[in-house]
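If you're matching positions, the sequence shown starts at 5 in our numbering and goes up one per residue.
The structure appears below as structure tokens.
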Amino acid sequence: MSTAPALTADAIERARQWVAERGRTTPARVRVLAHLLQAGRALTHAELEAGLARAGGLDRVTLYRVLDWLVQQGLAHRIAGEDRVWRFSAVDSGAGGHDHAHFRCDDCGRVYCLDSLRPVVALTLPAGFRCREAELTLHGLCPQCGA
Ligand SMILES: [Zn+2]
Ligand SMILES: [Zn+2]
């Protein structure tokens, strides 16, 4: 597994703004969200822990608590992988939240949010059904593995 690159000032600044709009800015919240924003894909707990370890680390309890808070606030969302591993991804709430599709690379196993791809299943349900959430995951090769 490759180690995460150091956080850029840009990712930290964006994370700080997002957190400040929702609540108290703590260093842990800003760091975790900055990692998600910079990754540009969904990260597992293990990947987040590895990334955070560079800058002194974050204990597991705090990481879980921060992720819960980010999800509650709509700044991140959780994706249940077929491998039963939760992954977390930053959400641009302005761009519409949770109703987008995901892409899982068959080669490297990475999961990406496809923010621009929105399944319309909710609109085509038979009468009487109401959709709360639709999960659509596409499979194939990511740009890195397909190159
Ligand atoms: Zn891949
Ligand atoms: Zn997503």
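Even glycine gets a Cβ: it sits at the ideal position worked out from N, Cα and C.
These numbers were taken from a predicted model, which means no experiment stands behind them.
Point to revise | Nearest-angstrom Cβ-Cβ length linking Leu142 and Phe107, presumed shorter than 8 Å | key: Yes, they are in contact, since the Cβ atoms of Leu142 and Phe107 sit about 5 Å apart, within 8 Å.
Check your understanding: Can we count Ile16 as close to ligand 2, meaning its CB is less than 7 Å from some heavy atom?
Key -> For ligand 2, not one heavy atom lies less than 7 Å from the Cβ of Ile16.
Exercise for review: Can you have a look at Gln21 and say buried or exposed, based on whether 16 or more other CB atoms are within 10 angstroms of its CB?
Suggested key: Exposed, by the Cβ-count rule.
Check your understanding: Between Arg82, Leu62, Leu140, Ala151, which lies nearest to Pro31 when the distance is taken from Cα to Cα?
Key -> For Pro31, the closest C-alpha among the options Arg82, Leu62, Leu140, Ala151 is that of Leu62.
Check your understanding: By Cβ distance below 6 Å, which residues in the same chain neighbour Thr48 in space, the five residues on each side in sequence not counted?
Key -> Only Val89, Arg91 meet the Cβ criterion.
Review point. What's the call for Leu145, buried or exposed, on a 16-neighbour Cβ count within 10 Å?
Key: With fewer than 16 other Cβ atoms within 10 Å, it is exposed.
Check your understanding: Is the beta carbon of Arg58 sitting closer than 8 Å to the one on Ala94?
Key -> Cβ distance not < 8 Å, so Arg58 and Ala94 don't count as in contact.
Exercise for review: Indicate whether Val36 and Leu52 have their beta-carbon atoms separated by less than 8 Å.
Suggested key: Val36 is a Cβ neighbour of Leu52, given a cutoff of 8 Å.
Review point. Going along the chain, which residues put their C-beta within less than 5 Å of some heavy atom in ligand 1?
Key: Cβ-based neighbours of ligand 1 within the cut-off: Cys109, Asp111, Cys112, Cys146, Cys149.
**Study point:** Other residues of its chain near Leu118: CB distance less than 8 Å, five sequence neighbours each side excluded
**Key:** So the qualifying residues of the chain are His104, Ala105, His106, Phe107, Leu142.
Check your understanding: Which stretch, first to last residue, makes up the beta strand (DSSP E) that contains Gly144?
Key -> Taken as a continuous stretch (DSSP letters only), the beta strand (DSSP E) holding Gly144 covers 141–144.
Review point. Just how far apart, CA to CA, sit Pro130 and Glu137?
Key: Distance between the alpha carbons of Pro130 and Glu137 is about 16 Å.
Point to revise | Gln76 burial status per 10 Å Cβ neighbour count (16 or more: buried) | key: With fewer than 16 Cβ atoms within 10 Å of its Cβ, Gln76 is classed as exposed.
Check your understanding: Using a threshold of 7 Å, is the CB atom of His81 nearer than that to any non-hydrogen atom of ligand 2?
Key -> Yes; taking the cut-off as 7 Å, the Cβ of His81 has a heavy atom of ligand 2 nearer than that.
Check your understanding: Would DSSP call His39 helix, strand or coil?
Key -> In this structure, His39 counts as helix in the three-state DSSP scheme.
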